[in-house]
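Each residue of the sequence shown is one higher than the one before, starting from 6 at the first, in the numbering used here. All residues carry an ideal CB built from backbone N, CA and C; glycine is no exception. Below is one structure; the comments refer to it alone.
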Amino acid sequence: MREKTKAILYIILAGVGFSFMNVFVRLSGDLPTIEKAFFRNLVAAFIALVVLIRSDVGLHYEKRHIPMLFMRSICGTLGIMCNFYAVDHMNIADASILNKLSPFAAVIFSIFLLKEKASLKQYAALIGVFIGALFVIKPSLNFADFAPGLIGFTGGMGAGAAYAAVRYLSNHGAKNPQIVFFFSAFSTLVMLPFVIAFYKPMSFFQLFCLLMAGASAAVGQFSITAAYSHAPAKEISIFDYSQIITSAILGFIFFSQIPDALSFIGYAVIIGISYLNWRAGLKADAAGK
Numbered sequence: 006m007r008e009k010t011k012a013i014l015y016i017i018l019a020g021v022g023f024s025f026m027n028v029f030v031r032l033s034g035d036l037p038t039i040e041k042a043f044f045r046n047l048v049a050a051f052i053a054l055v056v057l058i059r060s061d062v063g064l065h066y067e068k069r070h071i072p073m074l075f076m077r078s079i080c081g082t083l084g085i086m087c088n089f090y091a092v093d094h095m096n097i098a099d100a101s102i103l104n105k106l107s108p109f110a111a112v113i114f115s116i117f118l119l120k121e122k123a124s125l126k127q128y129a130a131l132i133g134v135f136i137g138a139l140f141v142i143k144p145s146l147n148f149a150d151f152a153p154g155l156i157g158f159t160g161g162m163g164a165g166a167a168y169a170a171v172r173y174l175s176n177h178g179a180k181n182p183q184i185v186f187f188f189s190a191f192s193t194l195v196m197l198p199f200v201i202a203f204y205k206p207m208s209f210f211q212l213f214c215l216l217m218a219g220a221s222a223a224v225g226q227f228s229i230t231a232a233y234s235h236a237p238a239k240e241i242s243i244f245d246y247s248q249i250i251t252s253a254i255l256g257f258i259f260f261s262q263i264p265d266a267l268s269f270i271g272y273a274v275i276i277g278i279s280y281l282n283w284r285a286g287l288k289a290d291a292a293g294k
């Protein structure tokens with residue numbers, strides 16, 4: 006099997022993993038969002054620690070990496086919290102597409118963190134995906150009606166900032182297992198006092214759902230890491246949007262959810278712009294060879 010084919014299969018598997026994570030988060034019921042995020046991250050922290058111990062990297066962190074590790078962790082924690090809230094309060098396919106705004110948000114934050122310059126095409130794409138997001142969020146005079154969408158959008162922005170920080174850290178010598186463990190441990194420890202203070206007892210089924218959410222997230226995380234180890238991001242990133250299809254199918258099966266016409270328009274705009282960016286990147290790469 007070709008490396009690119011393996012990468013595409015892995016990135017589709019990652020989408021399935023993250024889609025099931027959202028399903029299990031929703032199935033866990035009316036638990037506080039922070040409690041759901043805590044148990045999801047606790048599982049991730051344990052898995053990340055095992056990977057870190059088995060690697061040759063170790064737990065020693067360079068001082069110069071610490072500030073950006075905190076930024077990555079704060080933004081990533083915000084992203085997860087907002088995504089889980091959105092999953093609980095809106096169609097999971099809508100929540101997923103808003104979370105997929107993160108690559109575009111990463112472009113914005115990379116301008117400030119990495120001193121990268123964005124082209125006019127990239128700025129146009131950012132405006133386009135923002136318009137697409139508005140179709141999904143559906144702003145109205147009643148804030149309560151579109152608050153979940155706005156929070157989901159904020160989660161996508163937080164994830165984008167986190168990805169920009171990860172890129173900065175990778176460019177400055179930080180190892181991926183260290184980055185993953187620092188984030189997982191940080192988010193778990195930050196949430197712990199709030200979980201203790203506002204803990205809501207859960208049933209065995211709810212605990213099972215949260216543990217499965219963590220396991221599904223681990224499948225997604227390891228699969229996406231494997232995908233990008235088999236092929237460059239510019240060649241396979243468009244297939245990451247397969248998660249929207251998976252989420253829509255699972256949302257219908259488990260919750261009888263059907264996205265409305267405005268959401269489908271938003272999906273088409275965001276995925277369409279992503280496709281054009283992907284094609285432009287491949288053409289630019291081919292022209293440079």
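CA nearest to the CA of residue i, picked from the options
i, options, result
"Q248", "N27, G137 and R7", "N27"
"V56", "I250, P182, G20 and N282", "P182"
"G165", "P264, D150 and I79", "I79"
"S208", "G20, L32, E8 and I13", "L32"
"A190", "E8, I52 and A202", "I52"
"G163", "M76, F148 and F135", "M76"
"F186", "A19, V62 and K11", "V62"
"H177", "G160, D93 and L118", "L118"
"L136", "L281, W283, V274 and N282", "The amino acid at residue 136 is misidentified as Leu; the sequence shows Ile. Answer by Cα proximity: V274."
"R284", "D265, F203 and I241", "I241"
"L106", "E121, L131 and K68", "L131"
"A129", "S175, N282, G286 and L287", "N282"
"G20", "I250, F260, K288 and F257", "I250"
"L287", "I263, I243 and A202", "I243"
"P153", "S115, M86, I17 and I16", "M86"
"D35", "A149, Q211, S124 and V48", "Q211"
"P72", "Y173, Y233 and A266", "Y173"
"A223", "I13, L54 and R7", "L54"
Residue i vs residue j beta-carbon contact at 7 angstroms
i, j, result
"S1", "G22", "The requested residue 1 is not part of the displayed model; the chain covers only 6 to 294."
"F158", "L103", "yes"
"S296", "N46", "Here the chain covers residues 6 to 294 and nothing more, so residue 296 does not appear."
"A91", "I156", "yes"
"A179", "H70", "yes"
"I276", "Y246", "yes"
"M196", "F43", "yes"
"F9", "A236", "As written in the sequence, residue 9 is Lys, which differs from the Phe given in the question. Yes. Within cutoff."
Segments assigned beta strand (DSSP E), at least 3 residues, entirely inside the region 47-101:
DSSP runs (the beta strand (DSSP E)) wholly in the region 47-101: none.
Jot down the residue ranges of each uninterrupted beta strand (DSSP E) in the region 186-265, minimum 3 residues, whole runs only, in chain order.
Within the region 186-265, no complete beta strand (DSSP E) run reaches 3 residues.
Is it a yes or a no for the region 92-108 touching the region 206-225, going by three-plus beta-carbon pairs under 8 angstroms?
Touching, no.
Counting only runs of 4+ residues fully inside the region 110-195, write out the alpha helix (DSSP H) ranges in chain order.
Listed in chain order, the complete alpha helix (DSSP H) runs (minimum 4 residues) inside the region 110-195 are 125-142 and 148-176.
Taking one C-beta from the region 103-113 and one from the region 168-177 each time, how about it: are there three or more such pairs within less than 8 angstroms?
Enough Cβ pairs lie closer than 8 angstroms, so yes.
With a cut-off of 8 angstroms, do at least 3 Cβ pairs link the region 262-272 to the region 126-145?
These segments touch.
At least three beta-carbon pairs within less than 8 angstroms, the region 28-44 to the region 58-65:
No: the two stretches stay apart, fewer than three of their Cβ pairs being nearer than 8 angstroms.
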